[in-house]
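*Asks:* Supplied in structure tokens, the structure appears directly below.
Number of protein chains: 2
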Amino acid sequence: MDRLTIIKVGGKVVEDEKSLNDLLDQFNKISGHKLLIHGGGRTATEISKKLGIKIKMVDGRRITNKETLDVVIMVYAGLVNKKVVAGLQARNCNALGLTGADLGLIQAKKREVKDIDYGYVGDVEDVNSRELRLLIDENVIPVIAPLTHDGNGQLLNTNADTIAAEIAGELASYYSTFLFYCFEKKGVLLNQDDESSLIYELDSKLMEEYITDGTINAGMIPKLENGFRAKRKGVKEVLITNPENISTGRGTRLI
Amino acid sequence: MDRLTIIKVGGKVVEDEKSLNDLLDQFNKISGHKLLIHGGGRTATEISKKLGIKIKMVDGRRITNKETLDVVIMVYAGLVNKKVVAGLQARNCNALGLTGADLGLIQAKKREVKDIDYGYVGDVEDVNSRELRLLIDENVIPVIAPLTHDGNGQLLNTNADTIAAEIAGELASYYSTFLFYCFEKKGVLLNQDDESSLIYELDSKLMEEYITDGTINAGMIPKLENGFRAKRKGVKEVLITNPENISTGRGTRLI
Chain V
1 MDRLTIIKVG GKVVEDEKSL NDLLDQFNKI SGHKLLIHGG GRTATEISKK
51 LGIKIKMVDG RRITNKETLD VVIMVYAGLV NKKVVAGLQA RNCNALGLTG
101 ADLGLIQAKK REVKDIDYGY VGDVEDVNSR ELRLLIDENV IPVIAPLTHD
151 GNGQLLNTNA DTIAAEIAGE LASYYSTFLF YCFEKKGVLL NQDDESSLIY
201 ELDSKLMEEY ITDGTINAGM IPKLENGFRA KRKGVKEVLI TNPENISTGR
251 GTRLI
Chain L
256 MDRLTIIKVG GKVVEDEKSL NDLLDQFNKI SGHKLLIHGG GRTATEISKK
306 LGIKIKMVDG RRITNKETLD VVIMVYAGLV NKKVVAGLQA RNCNALGLTG
356 ADLGLIQAKK REVKDIDYGY VGDVEDVNSR ELRLLIDENV IPVIAPLTHD
406 GNGQLLNTNA DTIAAEIAGE LASYYSTFLF YCFEKKGVLL NQDDESSLIY
456 ELDSKLMEEY ITDGTINAGM IPKLENGFRA KRKGVKEVLI TNPENISTGR
506 GTRLI
């Protein structure tokens, strides 16, 4: 099976010009098939503020009313996605920017209202791996913004970590798939203020212990749960790391 | 040769929900290969105002400084493009939203500063018809936002009428290509206030006369010039019309 590297990068990395360029340089060096999934939350927050739209977050998740949905569509699918695409094209990477609506790639269901009404937030139901494989096999590099659609014309805001795990899990039957969650730290740390306290390997049992004793903070939990789900679906390697260590493979390996 | 229908729709049509849905219904009925190019200027103006960015137009062309470029990227590639894509997917049209940066489709050169500095505005240099044909032959429906790139990572704002003509001209060697410029009127009118004064056929000599005597107004001239250039490049038929007449083929035919 061909190798496929899937990189998910958080907002902070792609929203600053310097760190974006560093990331694209690192990404460019990856051999074999590759795919990038990005966030953009910080810019969405900034643009929302400028437009006078109130930001409501619950447990780190954005409550997405109609106005906020328009902002995240503009920022994720527009500003961030196209800057990444143009930056990769300048590096001779044949990038193609996509959302889950394009080619019907990712169908989702608007989250049901229970305790909280998240608004136009989608939970992934189906990844169209056939279309993705056609692109990848043509040596196209998909650059995916965290938006999905419901198949009835409605776009939905969807967590980028989840999209990365779902895509990786779906493609794991066709490629030897490596999934890297990149953010600003070296990986999962025992002590948030000490980059040398990196946890090199993590299994789900150890994760539970660290969650219980508070070592792993709330923001990291969904990322890890997504990572372990991808592993269970046959993804060969899941690594939590920073962009500089994409090439070295150092970071926190989920086992 | 297979038939390819290229529809260019102006901002007014795609920016209002009702008229967008009508357009997508009409577009859905077109048989054979098809491709859509859209504008989005009115929404860009509206968002610019909300963000407190001054709008500067010269002869109907937007002066695109860095801030304005970010707005047009957000609106054209984000908001408008993805709503069109999601709307087509809901109609079982396998739409894929694109800018000229995606797949390196349209390379442009930043317009040189002569009398006026247009800012980040690009003049088309090259259309990558190979990538477009791969998509079209896979029955993908490209939905193109009026943005290009310079190949060095810079996105550029580019006139949608020009992009439509360039793409049509480039694909005319491979498909029996029909180009429809759709806007809110029935076609080119002898009297702007009278929809029954439609000019059914127009050649470039008659166009010159109408320009001289003021029958054809300034806003229509670049559209017509683009249309005639596409004809000269082998496009089978160029029609100026409204979305309702895509199916009837009524409107102003360039001959």
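Going line by line, the protein sequences match chains V and L.
Residues 1 to 255 (this note's numbering) make up the first sequence, in order.
Residues 256 to 510 (this note's numbering) make up the second sequence, in order.
Every residue, glycine too, gets a C-beta built ideally from N, C-alpha and C.
Could you tell me whether the Cβ atoms of A145 (chain V) and E125 (chain V) are closer together than 8 Å?
*Replies:* Going by C-beta atoms, A145 (chain V) is not nearer than 8 Å to E125 (chain V).
*Asks:* Is K109 (chain V) close to chain L, meaning its C-beta is less than 8 Å from at least one C-beta of that chain?
*Replies:* No, K109 (chain V) lies away from the interface with chain L (no Cβ there is under 8 Å from its Cβ).
*Asks:* Is DSSP giving D161 (chain V) helix, strand or coil here?
*Replies:* Note: D161 (chain V) maps to helix in three-state DSSP.
*Asks:* Does the contact criterion of 3 or more C-beta pairs under 8 Å hold for the segment 113–123 of chain V versus the segment 150–159 of chain V?
*Replies:* Yes, since at least three Cβ pairs between the segment 113–123 of chain V and the segment 150–159 of chain V fall closer than 8 Å, the two stretches touch.
*Asks:* Can you look up L206 (chain V) in the DSSP assignment and give me helix, strand or coil?
*Replies:* L206 (chain V) falls in the helix class under three-state DSSP.
*Asks:* Using three-state DSSP, classify S19 (chain V) as helix, strand or coil.
*Replies:* Here S19 (chain V) sits in helix by DSSP.
*Asks:* Quick check on P397 (chain L): does DSSP put it in helix, strand or coil?
*Replies:* P397 (chain L): strand per DSSP, three-state reduction.
*Asks:* Measure the beta-carbon distance from M74 (chain V) to V330 (chain L) and round it to whole angstroms, keeping in mind my assumption that it falls under 8 Å.
*Replies:* At roughly 7 Å, the Cβ-Cβ gap stays under 8 Å, so M74 (chain V) and V330 (chain L) are in contact.
*Asks:* Tell me which residues share the same chain as S452 (chain L) and place their Cβ nearer than 8 Å to its Cβ, disregarding the 5 neighbours each side in the sequence.
*Replies:* Contacts found: L444, L445, N446.
*Asks:* Nearest CA to the CA of L105 (chain V): which residue from V:L147, V:D137, V:N28?
*Replies:* Looking at the Cα atoms, V:L147 is the closest of the given residues.
*Asks:* Per DSSP, D126 (chain V) is paired with what?
*Replies:* In DSSP, D126 (chain V) forms a bridge with V:Q107.
*Asks:* According to the Cβ coordinates, are L132 (chain V) and V395 (chain L) closer than 8 Å?
*Replies:* No, these two residues do not count as a Cβ contact at 8 Å.
*Asks:* With a threshold of 6 Å on Cβ separation, who are the neighbours of Q136 (chain V) within its own chain once the five nearest residues in sequence on each side are excluded?
*Replies:* At residue 136 (chain V) the sequence reads Ile, which differs from the Gln that was named. Once the five neighbours on either side are set aside, the close Cβ partners of I136 (chain V) are H33.
*Asks:* Per DSSP, which one or two residues make a beta bridge with F483 (chain L)?
*Replies:* According to DSSP, which records beta bridges pairwise, F483 (chain L) is partnered with nothing at all.
*Asks:* Grab me the residues of N349 (chain L)'s own chain with a C-beta within less than 7 Å of its C-beta, minus the 5 sequence neighbours each way, in chain order.
*Replies:* Answer for N349 (chain L): N394, V395, I396, listed in chain order.
*Asks:* So with CB distances below 9 Å, who are the chain L contacts of Q154 (chain V)?
*Replies:* Per Cβ cutoff of 9 Å: A341, A345.
*Asks:* If we ignore side chains and look at the alpha-carbon of each, how far apart do G234 (chain V) and D372 (chain L) end up?
*Replies:* Roughly 54 Å separates the two Cα atoms.
*Asks:* Would a C-beta distance cut-off of 8 Å place G469 (chain L) and L509 (chain L) closer than the cut-off?
*Replies:* No; because the gap between Cβ atoms is not below 8 Å, this pair is not in contact.
*Asks:* Would A160 (chain V) and K50 (chain V) qualify as a contact pair, given that the criterion is a beta-carbon distance under 8 Å?
*Replies:* No, Cβ-Cβ distance for A160 (chain V) and K50 (chain V) is not below 8 Å.
*Asks:* First and last residue of the alpha helix (DSSP H) that includes G87 (chain V)?
*Replies:* Note, G87 (chain V): alpha helix (DSSP H), 81–90.
*Asks:* Give the DSSP-derived three-state secondary structure of K34 (chain V) in the structure shown.
*Replies:* Of the three classes helix, strand and coil, the one that applies to K34 (chain V) here is strand, per DSSP.
*Asks:* Can you give me the Cβ contacts of Y181 (chain V) inside the same chain, cut-off strictly under 6 Å, excluding the 5 residues immediately before and after it?
*Replies:* Around Y181 (chain V): K8, K223, I240.
*Asks:* Going by the beta-carbon positions, is the gap between K365 (chain L) and D314 (chain L) smaller than 8 Å?
*Replies:* Cβ atoms of K365 (chain L) and D314 (chain L): not closer than 8 Å.
*Asks:* According to DSSP, simplified to helix, strand and coil, what is S259 (chain V)?
*Replies:* Outside the displayed span of chain V (1 to 255) sits residue 259 (chain V), for which this structure offers no information.
*Asks:* Counting along the chain, where does the beta strand (DSSP E) carrying G41 (chain V) start and finish?
*Replies:* Premise fails: G41 (chain V) lies in the alpha helix (DSSP H), 41–50, not in any beta strand (DSSP E).
*Asks:* How is T5 (chain V) classed by DSSP in three states: helix, strand or coil?
*Replies:* It is a strand residue.
*Asks:* Check whether the Cβ atoms of R258 (chain L) and Y429 (chain L) lie closer than 8 Å to each other.
*Replies:* No, Cβ-Cβ distance for R258 (chain L) and Y429 (chain L) is not below 8 Å.
*Asks:* Could you name the residues of chain V that T512 (chain L) contacts, counting a contact when the two beta carbons are closer than 7 Å?
*Replies:* An answer regarding residue 512 (chain L) cannot be provided, because it is not within the stretch 256 to 510 covered by chain L.
*Asks:* Here's the rule I'm using: 16 or more other beta-carbon atoms within 10 Å means buried, otherwise exposed. How should Y200 (chain V) be labelled?
*Replies:* By the neighbour-count rule (16 or more Cβ atoms within 10 Å), Y200 (chain V) is not buried but exposed.
*Asks:* Return the first residue and the last residue of the alpha helix (DSSP H) that L254 (chain V) is part of.
*Replies:* Segment 252–254 is the beta strand (DSSP E) holding L254 (chain V); no alpha helix (DSSP H) there.
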